[in-house]
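Encoded as structure tokens, the structure appears first; notes follow it.
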Amino acid sequence: MSFLNLEGVSKYYGDFGALIDMSLSVERGEFISLLGPSGCGKTTTLQAIAGLIPVTRGRMTLDGRDITKLPVNQRGLGIVFQSYALFPHMTVAENVSFGLEMRKTPKHERDTQIAQMLKLVHLDGHVSRYPRELSGGQRQRVAIARALVIAPPVLLLDEPLSNLDAKLREEMQFELRRIQRKVGTTTIMVTHDQAEALSISDRVVVMEAGRATQIDAPYRLYEHPKSEFISGFVGKTNLLPGRVSRGAAGTAVELAQGQRLSVDGGGFADGANVTVCLRPEKLFFTGAAQCTLSGRVEERFFLGSQWLYRVSSPLGELEVSCANDGSAPVEEHAEVHLAWADDVARLVAAKT
Amino acid sequence: MSKATNTASRWTPFALSVPSLALFALMVLLPLALTALLSFQQYDQDKGVQSGLTLASYALVLGDSYYYEIFFRTGWIAALTTLICVLVGAPEAYILSRMGKPWRSIFLLVILAPLLVSVVVRAFGWSLLLGPNGVVNQVFELFGIGKVKMLYTSTAVVVALVHVMLPFMVIPVWTSLQKLDPMVENAALSLNASQFTVMRRIVLPQITPGLLSGSLIVFGLSASALAIPGLLGGRRLKMVATLIYDEYLHELNWPLGAAIAVALLVINLVVMLSYNAVLEGAYAKRMGRS
Amino acid sequence: MRRTGPFAMVFHTLVTIFMLAPLVIVCLVAFTPENTLSIPWGSYSLRWFRAVFEHSDLMQSFWNSLGVATIAATLAVLFAVPAGIAIARHEFPGRQALNGLLLSPLIVPHLVLGVAMLRLFALFGARGSSLWLMLAHVVIITPYALRLVVAALAGLDRSAEQAALSLGASHATVFRRITLPLMLPGITGGWMLAFINSFDEVTMSIFITSPQTVTLPVRMYMIATESIDPMMAAVSALMVAVTAVAMIVLDRLYGLDKILVGQH
Numbered sequence: 001m002s003f004l005n006l007e008g009v010s011k012y013y014g015d016f017g018a019l020i021d022m023s024l025s026v027e028r029g030e031f032i033s034l035l036g037p038s039g040c041g042k043t044t045t046l047q048a049i050a051g052l053i054p055v056t057r058g059r060m061t062l063d064g065r066d067i068t069k070l071p072v073n074q075r076g077l078g079i080v081f082q083s084y085a086l087f088p089h090m091t092v093a094e095n096v097s098f099g100l101e102m103r104k105t106p107k108h109e110r111d112t113q114i115a116q117m118l119k120l121v122h123l124d125g126h127v128s129r130y131p132r133e134l135s136g137g138q139r140q141r142v143a144i145a146r147a148l149v150i151a152p153p154v155l156l157l158d159e160p161l162s163n164l165d166a167k168l169r170e171e172m173q174f175e176l177r178r179i180q181r182k183v184g185t186t187t188i189m190v191t192h193d194q195a196e197a198l199s200i201s202d203r204v205v206v207m208e209a210g211r212a213t214q215i216d217a218p219y220r221l222y223e224h225p226k227s228e229f230i231s232g233f234v235g236k237t238n239l240l241p242g243r244v245s246r247g248a249a250g251t252a253v254e255l256a257q258g259q260r261l262s263v264d265g266g267g268f269a270d271g272a273n274v275t276v277c278l279r280p281e282k283l284f285f286t287g288a289a290q291c292t293l294s295g296r297v298e299e300r301f302f303l304g305s306q307w308l309y310r311v312s313s314p315l316g317e318l319e320v321s322c323a324n325d326g327s328a329p330v331e332e333h334a335e336v337h338l339a340w341a342d343d344v345a346r347l348v349a350a351k352t
Numbered sequence: 353m354s355k356a357t358n359t360a361s362r363w364t365p366f367a368l369s370v371p372s373l374a375l376f377a378l379m380v381l382l383p384l385a386l387t388a389l390l391s392f393q394q395y396d397q398d399k400g401v402q403s404g405l406t407l408a409s410y411a412l413v414l415g416d417s418y419y420y421e422i423f424f425r426t427g428w429i430a431a432l433t434t435l436i437c438v439l440v441g442a443p444e445a446y447i448l449s450r451m452g453k454p455w456r457s458i459f460l461l462v463i464l465a466p467l468l469v470s471v472v473v474r475a476f477g478w479s480l481l482l483g484p485n486g487v488v489n490q491v492f493e494l495f496g497i498g499k500v501k502m503l504y505t506s507t508a509v510v511v512a513l514v515h516v517m518l519p520f521m522v523i524p525v526w527t528s529l530q531k532l533d534p535m536v537e538n539a540a541l542s543l544n545a546s547q548f549t550v551m552r553r554i555v556l557p558q559i560t561p562g563l564l565s566g567s568l569i570v571f572g573l574s575a576s577a578l579a580i581p582g583l584l585g586g587r588r589l590k591m592v593a594t595l596i597y598d599e600y601l602h603e604l605n606w607p608l609g610a611a612i613a614v615a616l617l618v619i620n621l622v623v624m625l626s627y628n629a630v631l632e633g634a635y636a637k638r639m640g641r642s
Numbered sequence: 643m644r645r646t647g648p649f650a651m652v653f654h655t656l657v658t659i660f661m662l663a664p665l666v667i668v669c670l671v672a673f674t675p676e677n678t679l680s681i682p683w684g685s686y687s688l689r690w691f692r693a694v695f696e697h698s699d700l701m702q703s704f705w706n707s708l709g710v711a712t713i714a715a716t717l718a719v720l721f722a723v724p725a726g727i728a729i730a731r732h733e734f735p736g737r738q739a740l741n742g743l744l745l746s747p748l749i750v751p752h753l754v755l756g757v758a759m760l761r762l763f764a765l766f767g768a769r770g771s772s773l774w775l776m777l778a779h780v781v782i783i784t785p786y787a788l789r790l791v792v793a794a795l796a797g798l799d800r801s802a803e804q805a806a807l808s809l810g811a812s813h814a815t816v817f818r819r820i821t822l823p824l825m826l827p828g829i830t831g832g833w834m835l836a837f838i839n840s841f842d843e844v845t846m847s848i849f850i851t852s853p854q855t856v857t858l859p860v861r862m863y864m865i866a867t868e869s870i871d872p873m874m875a876a877v878s879a880l881m882v883a884v885t886a887v888a889m890i891v892l893d894r895l896y897g898l899d900k901i902l903v904g905q906h
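Residue numbers (the numbering used here), protein chains in the order written: chain A, 1 to 352; chain B, 353 to 642; chain C, 643 to 906.
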């Protein structure tokens, strides 16, 4: 029996389904990310779990208790809002203390817990400051402290890093993970940034148009996307249309120009239309004799740790990325020959 | 995260509204209804208000040239005040919007602060300035113009009205100007438009709603002004407000006074509604809902 | 900000002088040692201020105004807060109509309201009553309080209230500890604006005050229409001083331009 369970949870506004049939089992202590573009239903899911919106259908249980109909102030979950939602007229300490006051925690206990929590988030020097006197990153840490100090069974984070600038965002990603690991709280985070989701989650739920389309650990999600959309949304990808042909010699995919790739046909019928997904870093340049495909570099971009090449080929435009290992990069307009290992090509159903 | 569930009961807003609704029904709706009723009642010089309905008061107001003259005078004074407020207030609002940080707030305050001083004080101040021995006449004498009679003429009334009404014109125009993106003007200039063209074709159309709503407010307030014509207009320069004052407190012909008041209210509402119609029509389409 | 041309500067200076002139002259004349209205060049005197404080009718009307304004402003806020919450936060049939009704004293001329209430008072025998006078003032000044309360609510971050709920607070606690404290600047600003407007009000009050309840501006109006001496200037100067103090407080609290122009 998992810790937090969503069974067929749906939220409809009139005829419009913001969330359709969401089923998810979260283990105690897990860090789950809800990932997807705007409008995919990830925020709706979080609001439903929090109790900020009522669900149209479905059930939610927490540690065996049915919380579907509980009002938000009785669920006891910790929420970090996207705008942090700090109480502007209260100091840092008073903000963090609020949840404990609602639970009638006696004063000296409150003070201890507040001090501990502020130490954990590195804000112990700012106890008497007001939110308007704090930076964005500091305000966020107050919001986290306020949500965690009540020792909630689940911590809900709504795009916690989207208001921070790039450098701070990177730092806070790992900070967030450190705190979560230390306290051990089950956490659900909403984000549209796939790099963020992949780097700190135990599992990622990819959502599209109100539905969950894949739930997997980050590595599996990246290496084995289940659809064209996921392949393109999580990381970069090259998409090549093709058709499966199963024969005595094994399964192969025939590409547009007649090239044949032997692949693990995995579940696709003979003659099925598929899309082959190739990640840019899995493609490499090789000699003319060993290559699968020839082409020409149209443009190249320097990204610091890697070179990104736009290569035109008979099969269309492909992206190839190579690590910047210090050797000379390929020139623009050079003729190149591409190859890739047999087992790195992924098949997904072609979009109809 | 967006709106929370509204778990409060459906009756909450009604419960919250009841006290103020009751108060306003008693102190606004009821008195206005009674006054409208009063305007139809009969009045006798010796016996006071009688029962029985009549249109005699309205007939008097609409027929007698004495009242016509007063309405007409009130109308043109209010219109002139409005015009001057537009010609002075709009440029002033524009100049203010172009000022740098500390000065802008200071001068906005200078324009708006008089709103917080009673109109009696302001009217009195003007009587000091415009009197036969007042500052303005003293300045005129210095320049060899000689004394000009301003007090107890319509000049004094208009000047004081403009002083009182100017903030009411500046505020809506200022608000419209705040919504303007200053970069739009720069874009026009970069496309070789002259400053004048920029004013005429970029700024003016966008502040016109503010000008219209300001004009409405100024006209309405000027037409119903009492303290200023009372103190600066003298006994001979009657406007609608002082006329109503006379009927109610001197002549004691309340139905007549009520009829004039109702007429004033109706004119106010008609002007306002027709302006609103113009506003909705011309500008909602072009500018979109602002 | 583009530099404003010299012509515009001259224009602006003239407008500024125009707006300040009557207030300045009144404050100057108040200090004259002469018996007649004149500007004190050189010597000044406080005799006319003393005359004000010794004028019993004037002082009585001052206390009347102070009392009426204080109580009316307080009542106005008490009416405006619940109505403001209903209007700002709930969708219900009649919301626009209620809003219009509560703001109507801004559109209906005080003149008309004055004679209308005179009729009401006559029918109810309320002519000399302070209470009825206060209620009349409440109605006139409520729109100012209401606008500020609604603006304060509109500017409130609702996610702070949701956060408080999620931390276990009841709706009543959320209102008491989050909503109300955050509304307080708006409520206070509303009170002060309402106070000033009641204190200054003359047009309606002329019709509904009686000799016992006469307010300061009405008394001043009556004095000004009969005889004018520098005492009138002294009272006016005092009123300007009171307004200046109120303005500074309002500005510190909220930003005067925001209150008078409105939040946008």
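Note that the Cβ used here is the ideal one computed from N, Cα and C, for glycine as well.
Asked, Found
"Residues within the stretch 801-812 of chain C neighbouring chain A, beta-carbon criterion of under 8 angstroms", "Ser801, Ala802, Gln804, Ala805, Ala806, Leu807, Ser808, Leu809, Gly810, Ala811 and Ser812"
"Secondary structure, alpha helix (DSSP H): runs of 4+ residues fully inside the stretch 673-731 of chain C", "689-696 and 698-731"
"Ile596 of chain B: contacting residues in chain D (beta-carbon distance under 7 angstroms)", "The displayed structure is made up of protein chains A, B and C, and chain D is not among them."
"Three-state secondary structure (DSSP) of Val121 of chain A", "coil"
"Option nearest Thr187 of chain A by Cα separation, candidates A:Val205, A:Lys226, A:Leu155 and A:Leu34", "A:Leu155"
"Those residues which DSSP pairs with Trp307 of chain A across a bridge", "A:Phe302 and A:Cys322"
"Where Met353 of chain B falls, given that 16 or more other Cβ within 10 Å makes a residue buried", "Low local confidence applies: a pLDDT of 39 at Met353 of chain B is under 50, so the model's placement there is unreliable, and no value is given."
"Length of the line joining the Cα atoms of Val618 of chain B and Ala408 of chain B", "18 angstroms"
"Minimum Cβ-Cβ distance from Ser128 of chain A to chain C less than 8 angstroms", "no"
"Cα-Cα separation, His108 of chain A to Met102 of chain A", "15 angstroms"
"Chain-ordered residues of the stretch 469-488 of chain B with a beta carbon less than 7 angstroms from chain C", "Val469, Ser470, Val471, Val472, Val473, Arg474, Phe476, Gly477, Trp478, Leu480, Leu481 and Val487"
"Beta-carbon proximity check, Thr674 of chain C vs Ile667 of chain C, cutoff 8 angstroms", "no"
"Three-state class that DSSP yields for Met643 of chain C in the structure shown", "Low confidence applies here, because Met643 of chain C scores a pLDDT of 40, under 50, leaving its location unreliable; read the following figure in that light. Looking at Met643 of chain C - three-state DSSP - the assignment turns out to be coil, as it is neither helix nor strand."
"Endpoints, the beta strand (DSSP E) within which Thr286 of chain A is located", "No beta strand (DSSP E) holds Thr286 of chain A; DSSP gives it neither H nor E."
"Sufficient close CB pairs (3 or more, under 8 angstroms) joining the stretch 56-66 of chain A to the stretch 766-778 of chain C", "no"
"C-beta neighbour in chain C for Leu34 of chain A, strict 8 angstroms", "no"
"Three-way DSSP call (helix, strand, coil) for Lys236 of chain A in this model", "coil"
"Helix, strand or coil at Pro751 of chain C according to DSSP, with G and I counted as helix", "coil"
"Beta-ladder partner(s) of Val9 of chain A, from DSSP", "A:Met22"
"CB contact check: Gly76 of chain A to chain C, cutoff 8 angstroms", "yes"
"Sub-8 angstroms separation of Glu319 of chain A and Pro280 of chain A beta-carbons", "yes"
"Test: Phe817 of chain C CB closer than 8 angstroms to a CB of chain B", "no"
"For Asn628 of chain B, the three-state DSSP class (helix, strand or coil)", "helix"
"Backbone CA spacing between Pro827 of chain C and Lys531 of chain B [nearest angstrom]", "25 angstroms"
"Residues that DSSP places opposite Thr658 of chain C in a beta bridge", "According to DSSP, Thr658 of chain C bridges with nothing at all."
"Helix, strand or coil at Val344 of chain A according to DSSP, with G and I counted as helix", "helix"
"Ala811 of chain C (DSSP reduced to helix, strand or coil)", "coil"
"Beta carbon proximity, Pro853 of chain C to chain A, threshold 8 angstroms", "no"
"Neighbour-count burial assignment, Ala341 of chain A, 16 or more Cβ in a 10 Å radius", "exposed"
"C-beta atoms of Val33 of chain A and Met172 of chain A nearer than 8 angstroms", "The sequence given here has Ser at residue 33 of chain A, not Val. For Ser33 of chain A and Met172 of chain A, no; Cβs fall outside 8 angstroms."
"Test item: CB-CB of Val359 of chain A and Asn95 of chain A under 8 angstroms", "The structure shown has nothing for residue 359 of chain A, since chain A only spans 1 to 352."
"Beta carbon of Ser312 of chain A nearer than 8 angstroms to that of Gly295 of chain A", "yes"
"Residues in the stretch 668-702 of chain C having any Cβ partner in chain A nearer than 9 angstroms", "none"
"Paired residues, beta bridge with Ala550 of chain B - DSSP", "This sequence places Val at residue 550 of chain B; Ala is not what is there. For Val550 of chain B, which the question treats as bridged, DSSP gives no partner whatsoever."
"Beta carbon proximity, Ile463 of chain B to chain C, threshold 8 angstroms", "yes"
"Exposure label - Ala353 of chain A; buried when at least 16 CB within 10 Å", "Here chain A comprises residues numbered 1 to 352, so residue 353 of chain A is not present and cannot be evaluated."
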